[in-house]
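In what follows, a single structure is set out as structure tokens and then discussed.
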Amino acid sequence: MSDPLLLVVEDDRNLAKLVGFNLEKAGYKCLFSENGEDAFDQLSRRSFDLVLLDVMLPGIDGFEVCRKIRQHQIYKDIPIIMLTAKGEEIDKILGFELGIDDYVVKPFSPRELTLRIRAVLKRDRRQGGVFREALKAGGLEVDIARHSVTLDGQELVLTLMEFKLLVALLKRKGQAQSREMLLSDVWDVDRSINTRTIDTHITRLREKLGESGRQIKTVRGLGYKFDEEGEDVHAV
Numbered sequence: 001m002s003d004p005l006l007l008v009v010e011d012d013r014n015l016a017k018l019v020g021f022n023l024e025k026a027g028y029k030c031l032f033s034e035n036g037e038d039a040f041d042q043l044s045r046r047s048f049d050l051v052l053l054d055v056m057l058p059g060i061d062g063f064e065v066c067r068k069i070r071q072h073q074i075y076k077d078i079p080i081i082m083l084t085a086k087g088e089e090i091d092k093i094l095g096f097e098l099g100i101d102d103y104v105v106k107p108f109s110p111r112e113l114t115l116r117i118r119a120v121l122k123r124d125r126r127q128g129g130v131f132r133e134a135l136k137a138g139g140l141e142v143d144i145a146r147h148s149v150t151l152d153g154q155e156l157v158l159t160l161m162e163f164k165l166l167v168a169l170l171k172r173k174g175q176a177q178s179r180e181m182l183l184s185d186v187w188d189v190d191r192s193i194n195t196r197t198i199d200t201h202i203t204r205l206r207e208k209l210g211e212s213g214r215q216i217k218t219v220r221g222l223g224y225k226f227d228e229e230g231e232d233v234h235a236v
């Protein structure tokens, strides 16, 4: 199993560097963001096991970042620990109401932070009624909460749109889906918009899936479906 990957959202570079140093010593990998906008960019590119989130950030604050994460279809179940100097009870209550998993007040010891992270990562997310949804088809597995795709145990790197497209196909496995339906589900735009962009993303997704890409079948005159039979696919 690979080392857990953490996203540290902290605008104090010295503190972020210190946190990263101690966490990497404890066996974690870290990537860093200095503001909420960059944090979401990072979330769209990688699959993270946990987010360490400062409250006092430039632009949108940590509470708003947390709210947006919890409202997002893909990121909503990523564990969040708030790391902040705002230790008043009202701030803690707000954080937990927004769905954080733990709240660490500055100053803190690296040992305490490491133990809290370990506890959150071990915690069964189902205790709060949230189940980690996974979609499987042969050697292909998609973990929606972690935004990760593995094929025969090897992680694949997909763009956000490719990931959402694969999820949409797997959720209706065996069912034909029109280009208009996929466009609405994946891009959340009006179905009257030109749908041929779907074909481009399907082509790229097939290439990244290798032999498993053959399971994405073209339904002539309509769109696509995911079929586990693995027969050859003929493009329209």
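So in UniProt numbering, the last spot in the sequence shown is 236, and the numbers never skip.
Using N, Cα and C, we set each Cβ at its ideal position, and we do this for glycine too.
These figures come from a predicted structure and were not determined experimentally.
Quick one: is residue i buried, meaning 16 or more other Cβ sit within 10 Å of its Cβ, or exposed?
i	result
K25	exposed
D54	buried
D77	buried
residue 242	One cannot answer for residue 242 here, as it falls past the ends of the chain, which runs 1 to 236.
I198	buried
L52	buried
F108	exposed
L183	buried
L57	buried
I90	exposed
Within the same chain, show all residues whose beta-carbon is closer than 7 Å to that of residue i, passing over the 5 residues directly before and after it, in chain order.
i	result
V142	A134, L135, V149, L166, V167 and L170
V186	M161, K164, L165 and A168
G27	D3
R13	none
R116	I81, D102 and V104
R70	K76, L98 and G99
Please say whether residue j and residue i have beta carbons closer to each other than 8 Å?
i	j	result
D61	P79	no
E34	D11	yes
R67	L98	yes
T84	N22	no
P110	L50	no
S44	L121	no
I144	I74	yes
L151	G139	yes
To which residues of the same chain is residue i closer than 8 Å at the C-beta, ignoring the five residues directly before and after it?
i	result
G20	V8, C30 and F32
L158	V149, L166, L205 and K208
Q42	L7, L31, S33 and F48
A137	L170, K173, S212, Q215, F226 and E228
E112	V104
F63	V55, L94, G95 and L98
G59	N35, G36 and E37
Beta-carbon within less than 6 Å of residue i's beta-carbon, same chain only, minus the 5 sequence neighbours each way: which residues are those?
i	result
Y103	M82, K92 and G95
A16	V8, E10 and F32
K86	V55
S178	L222 and G223
H147	S47 and I74
Are the C-beta of residue i and some C-beta of chain D separated by less than 8 Å?
i	result
R172	The displayed structure is made up of one protein chain only, and chain D is not part of it.
What are the uninterrupted segments assigned as beta strand (DSSP E) that are 3 or more residues long and contained completely in the region 62–118, given in chain order?
The region 62–118 contains these whole beta strand (DSSP E) runs: 80–84 and 102–105.
Considering only residues of the region 20–61, which uninterrupted alpha helix (DSSP H) runs meet the minimum length of 4 residues and lie entirely inside it, listed in chain order?
Complete alpha helix (DSSP H) runs here, min 4: 36–45.
Let me know the beta strand (DSSP E) ranges lying completely inside the UniProt domain "OmpR/PhoB-type" (132–228), each 3 residues or longer, listed in chain order.
Segments of the beta strand (DSSP E) lying fully in the UniProt domain "OmpR/PhoB-type" (132–228): 134–137, 140–143, 148–151, 154–156, 216–219 and 223–226.
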